[in-house]
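Under this note's numbering, the first residue of the sequence shown carries the number 325, and numbering increases by one thereafter.
Here a beta-carbon is modelled for each residue, glycine too, at the ideal position from N, C-alpha and C.
Below: one structure, written as structure tokens.
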Amino acid sequence: SQSLDFYRLYGISSSKVRWLNNVQCNGLETNITECLHDGWFEHSCQYNQDIVVKCFDPYTLKSPIPIRLVDGSHSAEGRVEVNVKGEWGTINYHNWDIIDANVVCIMLGYQFAIQADRAASLGFESGSGPIWFGYLNCLGSERSIADCGIDTPSLYTAYYYYSHSYDAGVVCYTETIKARLIGGSQPNEGRVELYYNSAWGSVCSYRWEWDVREANVICRMLGYSFATRVWGAGQFGEGSGNTSVYRPQCSGTESSITECSHSGWGTSCSSVYRDFGAECTNQTTSVRLITADGASSNEGRLE
325 SQSLDFYRLY
335 GISSSKVRWL
345 NNVQCNGLET
355 NITECLHDGW
365 FEHSCQYNQD
375 IVVKCFDPYT
385 LKSPIPIRLV
395 DGSHSAEGRV
405 EVNVKGEWGT
415 INYHNWDIID
425 ANVVCIMLGY
435 QFAIQADRAA
445 SLGFESGSGP
455 IWFGYLNCLG
465 SERSIADCGI
475 DTPSLYTAYY
485 YYSHSYDAGV
495 VCYTETIKAR
505 LIGGSQPNEG
515 RVELYYNSAW
525 GSVCSYRWEW
535 DVREANVICR
545 MLGYSFATRV
555 WGAGQFGEGS
565 GNTSVYRPQC
575 SGTESSITEC
585 SHSGWGTSCS
595 SVYRDFGAEC
605 TNQTTSVRLI
615 TADGASSNEG
625 RLE
């Protein structure tokens, strides 16, 4: 689909009702009610802020799109190429990040990406022929780049005016990332460590970036339901060696820390910014609405 705010193309709505304002979706929802918004009937919109959408038929490529890595020293790295209409071409580096690269690596059967950059910056040769995608905008939960946002209204058009010096490249990781909690008084708490590149290492981040969202993901990796508490650097002692992941930033819904955006794996890190902790639980939560006498059952105080 292609979003259009050119309301003049479709005329002005005769209705004075505006149901939703500031709708924010991630694209994976099945209904607009699952998206964030400012509340029903809550808005200060004018008629010229109405949104229109033009939808396109599904692209003829089957998901997953044929994809390969070219010019790497092994099969898990290289310049990213996709096959469109029987012809191999590249992806432009514009907006290319570790989240997009993760989806590519998953498509190829690997765990996740450890590097995402211009192919040339990673030591791979530039490609030739069509540049099929101007940029990708993946969320990280997709299993194919066909499900990611793409910046063109028609995927039949190649970007011949882009330069192959900006082809996208990736290095995928072939092992499984494991997590553990160390130094706590009980098994469900402690310093967070991840097993990467055959060694355990702690997390490196800023204290204002490490919060319950990242801790929730770690707890989920360990089989717990969610995190009940997070700790800053050094609460459970200092780790040793390099850190595992640098500045992970999660939404909290990911099943593994590898699905979160980050700034690299296996980096050195000052002790001020490492050794963050978490406390996990398997408790369940429930909610209810406490209503006043005679009030409707679908409203009330949330407990």
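Reference residue i; option with closest CA among the options
i             : options                           : result
aspartate 395 : Ser580, Ile422, Gln559 and Val495 : Val495
arginine 467  : Val347, Thr354, Ile389 and Ala619 : Ile389
leucine 431   : Gly464, Cys359 and Met545         : Checking the displayed sequence, the identity of residue 431 turns out to be methionine instead of leucine. Considering only alpha carbons, the answer is Gly464.
glutamine 559 : Gly493, Trp364 and Ile506         : Ile506
alanine 492   : Val406, Thr608, Ile375 and Leu613 : Val406
aspartate 362 : Leu546, Leu344, Glu578 and Cys349 : Leu344
glutamate 583 : Asp374, Ile474, Met545 and Gln607 : Met545
Residue i - DSSP class collapsed to helix/strand/coil
i             : result
threonine 608 : coil
serine 585    : strand
glutamate 623 : coil
leucine 613   : strand
glycine 528   : Note that residue 528 corresponds to cysteine in the displayed sequence, not to glycine. Looking at cysteine 528 - three-state DSSP - the assignment turns out to be strand.
arginine 544  : helix
valine 347    : coil
tyrosine 480  : In this predicted model, tyrosine 480 has a pLDDT of only 49, less than 50, meaning its place in the structure is not dependable; the value taken from the coordinates is given anyway. Correct three-state label for tyrosine 480: coil.
Residue-level contact to chain B via CB, residue i, 8 Å cutoff
i           : result
glycine 624 : Note that chain B does not occur in the displayed structure, where there is just one protein chain.
Residues that residue i bridges to, as DSSP identifies them
i              : result
tryptophan 412 : Asn407
serine 455     : Going by the sequence as given, residue 455 is isoleucine instead of serine. Paired residues: Thr414.
asparagine 461 : Gly473
arginine 504   : Glu517
arginine 442   : Ala492
aspartate 395  : Gly402
leucine 432    : In DSSP, leucine 432 forms no bridge with anything.
alanine 539    : Alanine 539 is not bridged to any residue.
arginine 598   : Cys528
arginine 553   : Glu603
alanine 437    : Cys496
valine 569     : Trp589
alanine 523    : Tyr520
C-beta contact flag for residue i and residue j at 8 Å
i             : j             : result
serine 529    : aspartate 599 : no
tyrosine 434  : threonine 498 : yes
glutamine 490 : histidine 586 : Note on identity: in this sequence residue 490 is tyrosine, with glutamine being the wrong assignment. No, the pair does not count as a contact, with Cβ atoms beyond the cut-off.
aspartate 441 : cysteine 472  : no
Hey, is the region 560 to 570 in contact with the region 455 to 467, meaning 3+ C-beta pairs nearer than 8 Å? no
Quick check: the region 551 to 565 against the region 512 to 527, are there 3 or more CB pairs under 8 Å? yes
Does the structure place the region 438 to 454 close enough to the region 509 to 519 that three or more beta carbon pairs sit under 8 Å? no
Can we say the region 534 to 543 touches the region 616 to 627, given the rule of at least three CB pairs closer than 8 Å? no
Do the region 599 to 615 and the region 537 to 554 make contact, defined as three or more Cβ pairs closer than 8 Å? yes
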